[in-house]
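If you count by numbering that gives the first Met the number 0, then the sequence shown holds residues 0 to 576, one letter each, in order. The beta carbon of each residue, even a glycine, is placed where N, CA and C say it ideally should be. Everything numeric in this text was worked out from a predicted model, so none of it was measured. Notes to accompany the following structure.
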Amino acid sequence: MSPRPISDAATFEVYRNAITGLADEMAITILRTAHSQIVASSMDFSAALCDAFGRVIAQANTCPVHLGSIPEAMSAVLDAFGDCVRPGDVYLLNDPDLGGMHLPDIFAIAPVFTTGPDPIGYSVTVVNHVDVGGWAAGSMAVQSTSIFAEGVQIPPSRLYDAGILNETFLALVLRNVREPELLRGDLEAQLAACHAGGEGLRELAERHGTDGLNALNEELLDHSETLLRAALAQAPDGAYPFEDFIDDDGLGSPPIPIRVTVTIAGDTLHLDFTGSSPQVASALNATASFTRSASFAAVQGALGSDIPANSGFYRPFTFTIPQASILNGRRPSARGARGLVAYRIIDAVLGALAPVFPDRVPAAGDGGPDSVAIGITAQDGTTSVLWDILCGAWGGRPDRDGVDGISPLGANLANVPVEELEQSGRIRIDGYGYLPDTGGPGRWRGGLSTFRDMTILAPTVSVQIRSDRRTHLPYGLQGGSPGTASSNILNPHTPHEQELPAKVVRTLTAGDRHRHVTAGGGGHGDPFTRDPDRVLQDVLDDKVTRAGAAHGYGVVITPAGAVDAAATRRRRADPRR
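What follows is the structure, given as structure tokens:
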């Protein structure tokens, strides 16, 4: 079919929506066919379409911190197989030093062909698998000190060679994981999504012709670049530093700094992470591609969703990321818990951008989804893993309150339903909800902490917890107060109550109870300027107590449930506040 000329905005807009919709179709395919709860319920996966050069053309509305790493994964595959890519091939990888991020995130990449000898593009999926081996159930223990302890490492490899499954390779991978059938099922969901993306891309090539498809892709990349450069050109030039911290590395380290200076010069953006922590002994280390991905997500969130996120969006960025740092770990450093670093990068980049875009940047949220992985070994030796992903809160925004019980910007995950956790019969959820007075006070209040109470029913389980924001609270902006701390409490309200570290692996037995509390979001703006009627409504909704209203907002609520206007004026005028 002869190429269709591109001469009007309508053609471009139809194509832009078609290719974006196709990426979302890939994501829906994974969601509907995945087997594990971490994928089918928590939605810890991503999907994208790339052109023949490996550039991201469209990405699904999935996990942002995955998506910015796809170009590096594509480069690794093209370096390994670019001269011999064939129809029916599928490539896998998860090695952080060869295009991956951490071992549970397995990339599946499938070339797409029409009638010609060269691919017209690639379908790409990334899934956080429930377990890929290693010493700890879930393969993401913060306490891992080497990548060799974290599970099976997959360099760029052919799973399918011209349509023929490499059964020996697949058997090797499955033999090294705790739940092989779950991994197989989720991998098949990835392959189904790659197939759906390939079929759709072929249809678009038939409609527009190969040359027309390539031209539309170039136009789409240029469109994103143009929009981002226009937004940057409106910002004041300058260098904007910010510093945030991870509490510790889970092995007893001091606080871990994440430092960034964002320099805006005309329509370009340079992010310099010099001064951030060297790589740590634990599994918190990230890859440079993951650091860039988190940075892309932060800027995308600040500047609005109307700029398509693709490789054109990345063009105005340059980076300085120190070698052998926590943001660019050197082999054989462990990387399993690197997700926490991404969320702190996002907080740091947004903090730097807050004075540049004061009407767009929110206060800090909960610091990233907390994870509780429960490993169970049955009497017959079979193992299983339950993942409880707990999303907390956003910080207060420049024009409205933070959001309660929602995934942070970089993740786009969902809390696991109670019924899914309980259906195994291994644990019971005794309580789940919000805690009052946990959102940072501000003109716009931070989102509330979420808690989950769990009782162990199995004889013995291992519990692996990754959380943070225990000592370094989510920051407030424009005079807003910080949020509140996360916590892990073993056997609360009993003589054996114990505060657990924020990052811990612990063996629990039947009858043990655990309460996990996420951090509360920071406030935005002076809390003593918050509308007293909003404070009253928060009290009526049990989001703020009467004591919290008086202390945090200077608003006095009567026992009858009304604002005492005179007492509120006096309290807010008190210079000792």
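Report the rounded CA-to-CA distance for histidine 523 versus phenylalanine 11, giving the unit in angstroms. 40 Å
Are the region 229-236 and the region 338-349 in contact at 8 Å, needing three or more beta carbon pairs? no
What distance in whole Å lies between the Cβ atoms of tyrosine 239 and threonine 326, which are believed to be in contact at a cut-off of 8 Å? What sits at residue 326 in the sequence shown is leucine, not threonine. Not really, about 18 Å apart at Cβ, beyond 8 Å.
Taking all protein chains shown into account, do 16 or more other C-beta atoms lie within 10 angstroms of the C-beta of proline 2, making it buried, or fewer, making it exposed? Below a pLDDT of 50, predicted positions are generally treated as unreliable, and proline 2, at 41, falls in that range; the measurement from the model is reported next regardless. Its Cβ having fewer than 16 others within 10 Å, proline 2 is exposed.
Taking 9 Å as the threshold (C-beta atoms), are serine 45 and alanine 33 in contact? no
I need the DSSP call for serine 294, collapsed to helix, strand or coil. helix
Does the distance from the CB of leucine 385 to the CB of glutamine 36 come in under 9 Å? yes
As an exercise, report each continuous alpha helix (DSSP H) stretch of at least 4 residues that is fully enclosed by the region 258-333, in chain order. 287-302 and 310-313
Would you kindly check if the distance between the Cβ of alanine 214 and the Cβ of serine 122 is under 9 Å? no
Give the DSSP bridge partners of threonine 225, in chain order. Threonine 225 pairs with nothing; no bridge assigned.
8 Å contact criterion, which alanine 518 and threonine 483 should meet: CB distance rounded: 6 Å
Simplified DSSP state of tyrosine 90, which is helix, strand or coil: strand
Using a Cβ-Cβ cut-off of 6 Å (strictly less than) and excluding sequence neighbours within five positions of histidine 269, which residues of its own chain qualify? Thr262 and Thr317
List the DSSP bridge partners of glutamine 378. Glutamine 378 is not bridged to any residue.
Here's a check: name, in chain order, each residue in its chain whose Cβ is nearer than 6 Å to the Cβ of glutamine 299, leaving out the five neighbours to either side. Ala308
Below 6 Å CB to CB, which residues in the same chain sit around threonine 260 once its five sequence neighbours on both sides are set aside? Ala238, Pro240 and Asp271
Suppose only complete runs of 3+ residues qualify. What are the beta strand (DSSP E) ranges in the region 28-96, listed by chain order? 44-50, 55-58 and 89-92
When we look at the beta-carbon of phenylalanine 106 and count the other beta-carbons within 10 Å, is it buried (16 or more) or exposed? buried
Say yes only if the C-beta of arginine 54 is nearer than 8 Å to one or more non-hydrogen atoms of the ligand NAD, and no if none qualify. This structure does not include the ligand NAD; it has no bound ligands of any sort.
Between the Cα of threonine 437 and the Cα atoms of Arg343, Pro531, Asp160 and His550, which residue gives the shortest distance? His550
Check whether glycine 87 and glycine 162 have beta carbons under 9 Å apart: yes
To the nearest angstrom, how far is the alpha carbon of proline 407 from that of alanine 51? 32 Å
Residue span of the alpha helix (DSSP H) that contains glutamate 166, given as start and end: 166-174
Please work out which residues of its chain come closer than 6 Å, Cβ to Cβ, to alanine 363, disregarding the five sequence neighbours upstream and downstream, and give them in chain order. Asp346, Gly394, Pro473, Tyr474 and Gly521
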